[in-house]
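Have a look at the structure below before the remarks.
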Amino acid sequence: MAEGGDIGVTTSLSCHVLCAVPQLIDPNFVRSVVLMIEHNEDGAFGLVINNCLPTRVADVTESLGLEWYGEEDEKVRLGGPVEPVRGFVLHDQPGWDPLADEVCDGLLITASLDAITPEEGIGAGGHFLFTLGYAGWGEGQLEREMTSGSWVAVPISDAGFGVTPRWIFETAPEVMWQEALASIGVDPARLVGHRGIGEPIAKA
Numbered sequence: 006m007a008e009g010g011d012i013g014v015t016t017s018l019s020c021h022v023l024c025a026v027p028q029l030i031d032p033n034f035v036r037s038v039v040l041m042i043e044h045n046e047d048g049a050f051g052l053v054i055n056n057c058l059p060t061r062v063a064d065v066t067e068s069l070g071l072e073w074y075g076e077e078d079e080k081v082r083l084g085g086p087v088e089p090v091r092g093f094v095l096h097d098q099p100g101w102d103p104l105a106d107e108v109c110d111g112l113l114i115t116a117s118l119d120a121i122t123p124e125e126g127i128g129a130g131g132h133f134l135f136t137l138g139y140a141g142w143g144e145g146q147l148e149r150e151m152t153s154g155s156w157v158a159v160p161i162s163d164a165g166f167g168v169t170p171r172w173i174f175e176t177a178p179e180v181m182w183q184e185a186l187a188s189i190g191v192d193p194a195r196l197v198g199h200r201g202i203g204e205p206i207a208k209a
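In case it helps, our numbering puts the sequence shown at residues 6 to 209.
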C-alpha cells in the first residue's frame with residue numbers, strides 16, 4: 006500500500022465503497038471493492054466484498070454451532086488481509102443482533118456472534134453477507150493512498166439506484182467492481198488513476 010507525506014484529504018469515506026484502480030497490483034486488492042466501515046483521523050477499517058473464498062458460509066456457521074438459513078452454496082468473502090480468521094456479518098436486519106453497528110442507513114455490521122442463539126442462526130428473513138478478515142489503514146495512510154490515485158470512492162446511495170445496501174447484498178461479486186465504477190460514470194477501460202475522491206483521470 007502507498008506511503009507518503011501528509012496530505013489534505015479530509016472527507017470521511019465511511020459509507021462509501023472504494024474501487025481499486027487497475028494499476029493497484031497489491032494481490033490483496035486487485036480490482037477489489039472495499040466497503041468502508043469506519044474512517045476517521047486515527048485510521049480506517051473496511052471489508053472487501055467482491056473476493057470469494059472457496060469455503061461455504063454453511064460450513065463456517067456449522068463449525069460455530071449456528072444454523073445458516075441463506076443459500077446453500079453461498080461463499081464466504083475474504084474481507085481483507087488483516088486477521089483473516091476473524092468473522093464479520095453484514096446484514097439489513099436491525100432486530101437480529103442488538104449489538105450490531107450501523108454502517109449507513111439500511112446496512113449493519115455484526116462483529117461478534119455471542120448474542121446469537123443456535124436456533125436464530127444467520128441468514129433468515131433478510132440479506133446477510135459473511136466475511137473473514139478485514140482491510141485496515143493506519144493514521145493518514147488511506148488519505149495518502151487516495152491522493153496517490155490508488156482508489157476511486159463511490160458513495161453508498163439511499164436513492165434506490167447505484168451502489169445501495171441492497172446492491173451490496175444482491176450483486177454478483179464478479180461484476181461489483183465494474184458496476185460500482187459505472188454507477189459514477191467511470192469506464193474502467195479508460196481509468197488510469199484519480200485525484201482523491203470522485204475525480205477520475207481518464208485517457209484522452
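Beta carbons are placed, not taken as given, at the ideal position from N, Cα and C, and that holds for glycine.
Cα-Cα separation, E184 to W156: Locating residue 184 in the sequence shown gives position 179, where the first residue counts as 1. Locating residue 156 in the sequence shown gives position 151, where the first residue counts as 1. If you draw a straight line from the Cα of E184 to the Cα of W156, it is about 15 Å long.
Status (buried if at least 16 other CB within 10 Å, exposed otherwise) for V191: For the purposes of this step, residue 191 is taken as the residue at position 186 of the sequence shown. Buried: at least 16 other Cβ atoms inside 10 Å.
Contained beta strand (DSSP E) runs [length at least 3] in the stretch 122-158, N- to C-terminal order: The beta strand (DSSP E) runs lying completely inside the stretch 122-158 and spanning 3 residues or more are 133-142, given in chain order.
Pairwise C-alpha distance: L196 and A120: For this step, residue 120 is matched to residue 115 along the sequence shown. For this step, residue 196 is matched to residue 191 along the sequence shown. Distance between the alpha carbons of A120 and L196: 44 Å.
For T169, the three-state DSSP class (helix, strand or coil): Position 164 of the sequence shown, counted from the start, is the residue given in the question as residue 169. T169 falls in the coil class under three-state DSSP.
Three-state class that DSSP yields for E72 in the structure shown: Residue 72 sits at position 67 when you count from the first residue of the sequence shown. Correct three-state label for E72: coil.
Exposed unless 16 or more other CB atoms sit within 10 angstroms - verdict on T215: Outside the shown range of the chain, which is 6 to 209, sits residue 215, and nothing can be said about it.
Local conformation of D64 per DSSP, three classes: Reading the sequence shown from its first residue, position 59 is the one you call residue 64. Of the three classes helix, strand and coil, the one that applies to D64 here is helix, per DSSP.
Sequence-distant residues of the same chain with beta carbon closer than 7 Å to S117, five excluded per side: Indexing the sequence shown from 1 puts residue 117 at position 112. Result list for S117: L104, in chain order.
Those residues which DSSP pairs with D106 across a bridge: For the purposes of this step, residue 106 is taken as residue 101 along the sequence shown, with counting starting at 1. Answer is I114.
Three-state secondary structure assigned by DSSP to D11: Locating residue 11 in the sequence shown gives position 6, counting from the first residue. Note that D11 scores 32 on pLDDT, short of 50, meaning its location in the model is unreliable; the coordinates nonetheless yield the value given after this. Note: D11 maps to coil in three-state DSSP.
Burial state of T164 (16 or more Cβ within 10 Å): Numbered from 1 along the sequence shown, position 159 holds the residue referred to as residue 164. As written in the sequence, residue 164 is Ala, which differs from the Thr given in the question. By the 10 Å Cβ count, A164 comes out exposed.
G10 classed as buried or exposed, judged by whether at least 16 other C-beta atoms fall within 10 angstroms: Looking up residue 10 in the sequence shown gives position 5. In this predicted model, G10 has a pLDDT of only 30, less than 50, meaning its place in the structure is not dependable; the value taken from the coordinates is given anyway. Exposed is the call here.
Three-state secondary structure (DSSP) of P160: As a first step, residue 160 must be located in the sequence shown, where it is residue number 155. Strand.
Coarse secondary structure for F93, derived from DSSP in three states: Along the sequence shown, one-based indexing puts residue 93 at 88. F93 carries a strand assignment under DSSP once its states are collapsed to helix, strand and coil.
T136 CB to nearest heavy atom of the ligand NAP below 8 Å: With respect to the ligand NAP, the structure shown offers nothing to examine, as it has no ligands at all.
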